[in-house]
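Residue numbers (mature numbering (1 follows the signal peptide of the UniProt record, and there is no 0)): -25 to -1, 1 to 305. In this text, a Cβ means the ideal position worked out from N, Cα and C, and glycines have one as well. Structure first, then comments.
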């Protein structure tokens, strides 16, 4: 299967904004939006499914043409496509996001850590997904956000009102980036900066420790989060990388930071063997949902694959280095 979007094929990818999604949602009548389907949906005929590979190709087309393909706009903005059921990824981790953007709930004996907030109009789906897996909002003690793009922090304003006692964390530059989007047309509101995360910080809750890695590149304020996941008697080291796309690059300095971050994430000392991606289609996780749901303890887990993780990092680095060479010649 060809490598999906985000690894190394989005060299000139325009930044997808909330404005562009709203524009495409308004441009197409609802009836025309239903034929496109995603593997994240259940009970949909296979002939109607849109695979990670197909989504990736549409994003590549977006990059090449500098305008969003209508099929992609419909797919991104269609609630019937994006709103998928939550699923248990590991014994202590639930995926409570939507089809194109993840949100992960890490359960501990003392409460829940939520990674990323989704964006409108999907915050209600995040809330219903949390309820469906038995998580009361009062259990959420931390909301850790990966970076300041709308699809990862756009729900923070509403969640802040619903979770008055939770701590909301992101890097200082991440907070600044997110606040900067408030000024844009069709921007999103952000709550005041709360918990300022720095490289090496450890967020401890119950038996779980989440380690913060500042991994600038996708944006200057991008953070990634390391944490242990449990599969029966086995423990694995997971990472949710804040961003791996090259779509928000300002200059070669930022590109160099990106390459350094991807190399760091491959450090054997980190022990990562699970890639809990922020965008499921970027790794083919969407297609693995049935296998994840059917997984039993003692069987190989569909997402435990250090070699695949390292190979993906190498593709990301190689793509960024090609981009760097192109920039040097420009």
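| query | With burial defined as no fewer than 16 other Cβ atoms inside 10 Å of the residue's Cβ, what is the status of residue 262: buried or exposed? | reply | buried
| query | Bridge partners of residue 212, per DSSP? | reply | The beta-bridge partner set that DSSP reports for residue 212 consists of 203.
| task | Check each candidate in 240, 136 and 47 and name the one with the smallest Cα separation from residue 192. | result | 240
| message | Please give me, in chain order, every unbroken run of the beta strand (DSSP E) with length at least 3 that falls completely inside the segment 37 to 101. | response | As far as the segment 37 to 101 is concerned, its whole beta strand (DSSP E) runs of at least 3 residues are 62 to 65, 68 to 70, 79 to 83 and 86 to 90.
| message | Tell me whether the segment 49 to 68 and the segment 280 to 291 touch, counting them as touching only if at least three CB pairs, one residue from each stretch, are closer than 8 Å. | response | A contact is defined here as three or more CB-CB pairs under 8 Å, and the segment 49 to 68 fails this definition with respect to the segment 280 to 291.
| For residue 246, which three-state DSSP category applies? | coil
| task | Following the continuous alpha helix (DSSP H) through residue 309, name the residue where it begins and the one where it ends. | result | In the structure displayed, the chain extends from -25 to 305; residue 309 sits before or after that span and is not available.
| request: Between the Cα of residue 114 and those of 122, 146, 80 and 65, spot the shortest distance and give me the residue it belongs to. | output: 80
| query | DSSP on residue 314, reduced to helix/strand/coil? | reply | Given a span of -25 to 305 for the chain in the structure shown, any question on residue 314 remains unanswerable.
| message | Quick check: the Cα distance between residue 22 and residue 68, rounded to an integer number of angstroms? | response | Reliability fails at residue 22, whose pLDDT of 38 lies under 50, so the model's placement of it is uncertain and the value that follows must be treated cautiously. Answer to the nearest angstrom: the Cα atoms are 31 Å apart.
| task | Report yes or no: do three or more beta-carbon pairs, one from the segment 58 to 66 and one from the segment 256 to 271, lie closer than 8 Å? | result | yes
| C-alpha distance - residue 181 paired with residue 85, whole-angstrom precision | 5 Å
| message | Can you list, in chain order, the residues of its chain with a C-beta nearer than 7 Å to that of residue 172? Leave out the 5 residues immediately preceding and following it. | response | Counting only Cβ-Cβ distances below 7 Å, and skipping sequence neighbours, we find 144, 145, 146, 187 and 198.
| said: For residue 100 and residue 78, what's the separation of their Cα atoms in angstroms? | reply: 11 Å
| Straight-line gap, residue 51 to residue 75 (C-alpha atoms, nearest Å) | 7 Å
| Three-state secondary structure (DSSP) at residue 173? | In this structure, residue 173 counts as coil in the three-state DSSP scheme.
| said: So, for residue 98: in the same chain, excluding its five sequence neighbours on each side, which residues have a beta-carbon less than 6 Å away from its beta-carbon? | reply: 130 and 133
| said: Excluding the 5 residues flanking residue 230 on each side, which residues of the same chain have their C-beta closer than 8 Å to its C-beta? | reply: 192, 221, 224, 295, 298, 299 and 302
| request: Starting from the Cα of residue 136, find the closest Cα among 277, 109 and 166 and give me that residue. | output: 166
| task | Report the rounded CA-to-CA distance for residue 217 versus residue 200, giving the unit in angstroms. | result | 8 Å
| request: Count the other CB atoms, across all protein chains shown, that sit within 10 Å of the CB of residue 272; report buried if there are 16 or more and exposed otherwise. | output: exposed
| query | Is it buried or exposed for residue 226, if we count other Cβ within 10 angstroms and need 16 for buried? | reply | exposed
| Using a Cβ-Cβ cut-off of 7 Å (strictly less than) and excluding sequence neighbours within five positions of residue 234, which residues of its own chain qualify? | 292, 295 and 296
| field | C-alpha distance - residue 190 paired with residue 280, whole-angstrom precision | value | 21 Å
| Close-in-space but distant-in-sequence residues of the same chain around residue 276 (CB under 7 Å, 5 per side omitted) | 206 and 270
| task | Measure the beta-carbon distance from residue 118 to residue 89 and round it to whole angstroms, keeping in mind my assumption that it falls under 8 Å. | result | 5 Å
| request: Could you round the C-beta distance between residue 212 and residue 245 to whole angstroms and report it? I think they count as a contact, below 8 Å. | output: About 7 Å separates the two Cβ atoms, so the contact holds.
| field | Of the residues 238, 148, 73 and 112, the one placed nearest residue 140, counting alpha carbons only | value | Taking only the C-alpha atoms, the option nearest residue 140 is 112.
| query | In three-state terms, what does DSSP make of residue 105? | reply | Three-state DSSP puts residue 105 in a helix.
| task | Using the Cα positions of residue 31 and residue 126, report the straight-line distance between them to the nearest angstrom. | result | 17 Å
| CA nearest to the CA of residue 138, picked from 161, 49, 87 and 210 | 87
| request: Could you pull out every residue in the same chain whose Cβ sits closer than 7 Å to the Cβ of residue 104, ignoring the five residues on either side in sequence? | output: 61 and 71
| said: Which of the three DSSP states is assigned to residue 178 in this structure? | reply: strand
| query | What are the boundary residues of the beta strand (DSSP E) that includes residue 116? | reply | 115 to 119
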